[in-house]
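Reviewing the structure listed below.
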Amino acid sequence: MGGSAFKEDGLSTPRMPTVVYTYISKEIQNVLRPHFKCVGSAIEGPSKTTHGDVDILVADPVDKARRKQGDFLASLVGAKKWKTTGASLLHFAVPWPQELEYQDGFPEIAKAVSARENDEEQTAESIANAQEVVRTSAIPGAGSPRTTGPPVPREAPHSPATEKCIQVDIQICPTTTAWEWQLFYQAHGDLWSMLGIIIRRFGLTCSYDGLQLRIKEIESHNKLHSRVKMTQDPSRVLEYLGMDIEQYWAPFESWDDMMAYVGTCRFHDPGRWKSKPNKEEEDGAQIKKGLVGEVVDDTAEKNKEAVTLKHNDRARAEKRPVIKFWFDTYLPRHVDDQPGKDAQLSREDVVEDAKKFFGTEFANRFDDKKTKWTRIIAVDHLWSDIRKTLPNRPYTQDGVQIGMVMKGLKRELAGKREDRETSDEAPEDVRLVFREGRFEHVFAWAQENWRDIAKRQETHSMAMRDKKLKESERDEEKGEGEERAAVIEDPSEA
Numbered sequence: 001m002g003g004s005a006f007k008e009d010g011l012s013t014p015r016m017p018t019v020v021y022t023y024i025s026k027e028i029q030n031v032l033r034p035h036f037k038c039v040g041s042a043i044e045g046p047s048k049t050t051h052g053d054v055d056i057l058v059a060d061p062v063d064k065a066r067r068k069q070g071d072f073l074a075s076l077v078g079a080k081k082w083k084t085t086g087a088s089l090l091h092f093a094v095p096w097p098q099e100l101e102y103q104d105g106f107p108e109i110a111k112a113v114s115a116r117e118n119d120e121e122q123t124a125e126s127i128a129n130a131q132e133v134v135r136t137s138a139i140p141g142a143g144s145p146r147t148t149g150p151p152v153p154r155e156a157p158h159s160p161a162t163e164k165c166i167q168v169d170i171q172i173c174p175t176t177t178a179w180e181w182q183l184f185y186q187a188h189g190d191l192w193s194m195l196g197i198i199i200r201r202f203g204l205t206c207s208y209d210g211l212q213l214r215i216k217e218i219e220s221h222n223k224l225h226s227r228v229k230m231t232q233d234p235s236r237v238l239e240y241l242g243m244d245i246e247q248y249w250a251p252f253e254s255w256d257d258m259m260a261y262v263g264t265c266r267f268h269d270p271g272r273w274k275s276k277p278n279k280e281e282e283d284g285a286q287i288k289k290g291l292v293g294e295v296v297d298d299t300a301e302k303n304k305e306a307v308t309l310k311h312n313d314r315a316r317a318e319k320r321p322v323i324k325f326w327f328d329t330y331l332p333r334h335v336d337d338q339p340g341k342d343a344q345l346s347r348e349d350v351v352e353d354a355k356k357f358f359g360t361e362f363a364n365r366f367d368d369k370k371t372k373w374t375r376i377i378a379v380d381h382l383w384s385d386i387r388k389t390l391p392n393r394p395y396t397q398d399g400v401q402i403g404m405v406m407k408g409l410k411r412e413l414a415g416k417r418e419d420r421e422t423s424d425e426a427p428e429d430v431r432l433v434f435r436e437g438r439f440e441h442v443f444a445w446a447q448e449n450w451r452d453i454a455k456r457q458e459t460h461s462m463a464m465r466d467k468k469l470k471e472s473e474r475d476e477e478k479g480e481g482e483e484r485a486a487v488i489e490d491p492s493e494a
């Protein structure tokens, strides 16, 4: 299928052969260059014969004061319609160029695309056939296209009902650094899906924000905050992964070429795929809670780690022929290849390795975040453990509000000093052990004193309500006084 952003608008945006994609991409980029200092498109994946849309990345606008980028860009590219996804991604429906009007209907291309999208057993031969069709397709001024179907009359009119458009997606990057990173991260189609599967068991994640190292102790509590950025420099990423920089910035001729390059990652262990389980075994694998991609397998005690795929890995493989080929064909074919030099490192080893590679600044950020979030997690566990010991009902028989216990605990122990207005509070020694992280003492104290804590919190809540009521009354009186003063100064207002 083609671009889908304008499906609900009734616009036809069919898939494009490479000749059309290349033409329109260059044309749009040339139009944008006078208005943005950074304009480009990521390198396409190999063996791609048709394209659903045209993706262009821009940054650093020449006119930084312009606010309505959408209307301006739509007029530049001659769009029939445009819309946005979020604040920085804009979609444009650009009319199919008349000079390439009939570069979309070759039967061989349609057949190859259908095989790629729908046939799970699609082979490299169908891709090669489709590539040959594109290579022999006519470029404007270079003669007529060769097809096996009936010739299409070039005089045939295109009715408005079937007028074709091309979906052009323009992503406005906030900085030049972000633009360079997106060109890197989006390059080669599914390359980072494969690399991501290789590196994630080491705690490494590559995303739209850069290469990151996840803190194992935090992941199960907060996946997002477990990440610590290592770098957003493409060259540093490739250098760290042990991969050739120059080779990355050139298109790959085939899937095999791209996958061979992915296999040069120093963390890649082809042997892990020797014992690839079936779907039932994958579903039955014990996945460690919260650790993305980390699996505790039944064969661990035998030191024979079987490869298990996350659910979204399997889903991606079903939708993406490249990923399916990687899992089902390429990896099994290369299980006896030499592993990367650091493929046997543990996750803890990689933490130390990353600190050494990226230096003191990264090491300090990693350790500081780990310390901060380790305490946050421990405090959350403390509150949870205390709550489990309290009666499981809103009120006790003697009228104590259970909800007030937890509010009072958090205010007296973790709240700001100005929130502690009553003199009858948690003793200073309890607050001290809380600050020091000796939570077993806090837990014991809470078990003995939870009724008193609830009563103090009720008193505090009533005092705060009275305080807010008085402040509201003062503000109301002040407003009435200012209104009377204004009338006195200007009697005509009376």
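In this text, residue positions in the sequence shown follow full-length UniProt numbering: the first is 1, and each later residue adds one.
Note that the Cβ used here is the ideal one computed from N, Cα and C, for glycine as well.
Mapping DSSP to helix, strand and coil, what is Val-400?
-> coil
When you compare only the Cα positions, how much space is there between Lys-416 and Phe-357?
-> 40 Å
Taking all protein chains shown into account, do 16 or more other C-beta atoms lie within 10 angstroms of the C-beta of His-381, making it buried, or fewer, making it exposed?
-> exposed
Buried or exposed (CB count within 10 angstroms, at least 16 for buried), Pro-270 | buried
Could you name the residues of the same chain whose beta carbon sits closer than 6 Å to that of Met-404, not counting the 5 residues immediately before and after it, in chain order?
-> Residues Ala-454, Gln-457, Glu-458 of the same chain have their beta carbon placed closer than 6 Å to that of Met-404, with the five preceding and five following residues left out of the count.
With DSSP as the reference, label Phe-366 as helix, strand or coil.
-> In this structure, Phe-366 counts as helix in the three-state DSSP scheme.
For Gln-167, the first and last residue of its enclosing beta strand (DSSP E) | Annotation for Gln-167: the continuous beta strand (DSSP E) segment containing it runs 165 to 173.
Excluding five sequence neighbours on each side, which residues of the same chain lie with their C-beta closer than 8 Å to the C-beta of Gln-182?
-> Ala-42, Leu-57, Gln-171, Cys-173, Tyr-208
Please classify Gly-189: does DSSP put it in a helix, a strand, or coil?
-> Reduced to three states, the DSSP call for Gly-189 is coil.
When DSSP labels each residue in this structure, what does Asp-297 get in the three-state scheme?
-> Interpretation of Asp-297 is limited by its pLDDT of 39, a score under 50 that renders its predicted location unreliable; the figure taken from the coordinates is listed afterwards. If DSSP states are grouped into helix, strand and coil, Asp-297 belongs with coil.
In angstroms, rounded to a whole number, what distance separates the CA positions of Lys-68 and Gly-45?
-> 33 Å
Just the C-alpha distance for Lys-407 and Thr-85, rounded to the nearest angstrom, thanks.
-> Whole-angstrom Cα-Cα distance: 40 Å.
Spatially closest choice to Lys-37 from Ile-377, Leu-241, Thr-175, by CA coordinates | Thr-175
Classification of Asp-190 by the beta-carbon crowding that lies within 10 angstroms, buried from 16 upward = buried
From which residue to which residue does the alpha helix (DSSP H) around Trp-234 run?
-> Here the sequence assigns Pro to residue 234, which means Trp is not the residue at that position. Here the alpha helix (DSSP H) through Pro-234 covers 234 to 241.
Is the Cβ-Cβ distance between His-91 and Lys-80 less than 8 Å?
-> no
Are the region 227 to 243 and the region 346 to 365 touching, with three or more C-beta to C-beta distances below 8 Å?
-> Yes: the two stretches touch, three or more of their Cβ pairs being nearer than 8 Å.
Burial state of Pro-95 (16 or more Cβ within 10 Å) = Pro-95 is exposed by the Cβ-count criterion.
Give the DSSP bridge partners of Trp-82, in chain order.
-> Phe-92
Where does Gly-43 fall in DSSP's three states?
-> Note that residue 43 is Ile in the sequence shown here, rather than Gly. In this structure, Ile-43 counts as coil in the three-state DSSP scheme.
What is the DSSP secondary structure of Ala-178, reduced to helix, strand or coil?
-> helix
What residues in its chain sit with their C-beta under 7 Å from that of Ala-378, if we drop five residues either side in the sequence?
-> Gly-437, Phe-439
Exposed or buried, which one is Phe-202 when buried takes at least 16 other CB atoms within 10 Å?
-> buried
According to the neighbour-count rule (16 or more other Cβ atoms, all chains shown, within 10 Å of its Cβ), is Ile-245 buried or exposed?
-> exposed
Who are the near neighbours of Phe-72 in its chain, counting only those whose CB is closer than 7 Å to its CB and skipping five residues on each side?
-> For Phe-72, where only same-chain residues beyond five positions count, the Cβ hits under 7 Å are Arg-66.
Would you mind working out which of Cys-206, Gln-247, Leu-241, Gln-344 sits nearest Arg-227, comparing C-alpha positions?
-> Cys-206
Three-state secondary structure (DSSP) at Ile-215?
-> coil
Contact set for Phe-443: own chain, Cβ-Cβ below 7 Å, skip 5 residues either direction | Cβ contact annotation for Phe-443 (same chain, cutoff 7 Å, sequence separation greater than five): Leu-382, Asp-385, Ile-386, in chain order.
What is the DSSP secondary structure of Leu-331, reduced to helix, strand or coil?
-> Per DSSP, reduced to three states, the secondary structure at Leu-331 is helical.
Does the region 47 to 56 come within contact of the region 21 to 30, defined as at least 3 CB pairs closer than 8 Å?
-> yes
Just to confirm, are Lys-216 and Arg-347 a CB contact at a threshold of 8 Å?
-> It is a contact, given that the beta carbons lie within the stated cut-off.
Ser-207 - containing beta strand (DSSP E), residue span | Segment 204 to 207, the beta strand (DSSP E) holding Ser-207.
Output yes or no for whether 8 Å exceeds the beta carbon distance between Ile-198 and Phe-267.
-> yes
Of the residues Gln-98, Arg-411, Ala-187, which one's Cα is nearest the Cα of Asp-55?
-> Ala-187
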